[in-house]
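Each remark here refers to the structure printed beneath this line.
Numbering (our numbering), first residue to last: -17 to 299.
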């Protein structure tokens, strides 16, 4: 079941209007001095997140700020990549309303996938103000990740073969786009990470449990398997596309697969697999400069309010 137009009016919430962004507010960046007056390491490669945070998604914009969602209560944490300092930007809805995949647009809006709650949110990336509250379904679901196109945001659901489409302008309501074609949902996590093809004409979706990658028509929802020469992306999670290079996080394998894609996204080849001793089940990936940034979800560690979490940076190959 999809509730249409649950944004209670894009215009009324200011979603189509420009909002304050970190890119316009760099003067408020935390000091580069430690409490004792000693200079901190610039652009550290490991970041401490709040205890009990249970991170999943990450988003990075044009300036060095990373945003991390919490599976515990849906809060958003913002980190200055230059200093490693951070703060809670937006308090989440509470237990049962997690923040999973995140994407940041050029107007300072964070689009947040709501996991088992069957929801999504739109948050001002500088103030933390809630701009939009989305309900996709009231049934069993796992709204997992999101990608932005010039006109819409597309959310995956790992439990239901559908993409939820949210127009990013003033008009239109939320709609469900059934996934058909080659993709077949089975037990476990299905459609997970999502990005655009290099030519921007279609979408790419990884199916975690089968390790298959699909090219999806954004108008019809028809999915065709991408020819990877027999390679699988088992445990595939977050996707990041830069040019024709696709980074696919294989979470429980503690690996990032690096692929070279055809421009239309119909085929590709794995050219490298990256790992790091600091990986502890990373889930998603974003980039800044010559680095990749990944949050450690620590799925194999029982979560408590005292459980520690980190995000790590690795060099691009």
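Built from N, CA and C at the ideal position, the CB exists for glycine as well.
Taking C-beta atoms under 8 angstroms as the contact rule, residue 240 and residue 231 fail to qualify, at a distance of about 11 angstroms. Residues of the same chain with a CB within less than 6 angstroms of the CB of residue 243, apart from the 5 flanking positions on each side, are 180, 226, 228 and 250 in chain order.
The alpha-carbon of residue 66 is positioned some 14 angstroms away from that of residue 277. Residue 80 is positioned such that its CB atom lies closer than 8 angstroms to that of residue 98.
In the DSSP assignment, residue 85 falls within the unbroken beta strand (DSSP E) covering 84 to 86. Taking the C-beta atoms as reference points, residue 90 is found nearer than 8 angstroms to residue 108. Judged by DSSP secondary structure, residue 207 falls within the beta strand (DSSP E) whose first and last residues are 204 to 207.
In this structure, 238 is the residue among 247, 238, 119 and 84 with its C-alpha nearest to the C-alpha of residue 254.
DSSP assignment within the segment 34 to 68 yields the following whole beta strand (DSSP E) runs of 3 residues or more, N-terminal first: 37 to 42, 47 to 52 and 58 to 62.
With a cutoff of 8 angstroms on beta-carbon distance, residue 186 and residue 195 are scored as near each other. At least 8 angstroms separates the beta-carbon of residue 115 from that of residue 83. Assigned with DSSP and collapsed to three states, residue 272 falls in coil, not helix or strand. When DSSP states are grouped into helix, strand and coil, residue 233 belongs to the helix group. For the options 106, 62, 36 and 69, the alpha carbon positioned closest to that of residue 77 is the one of 36.
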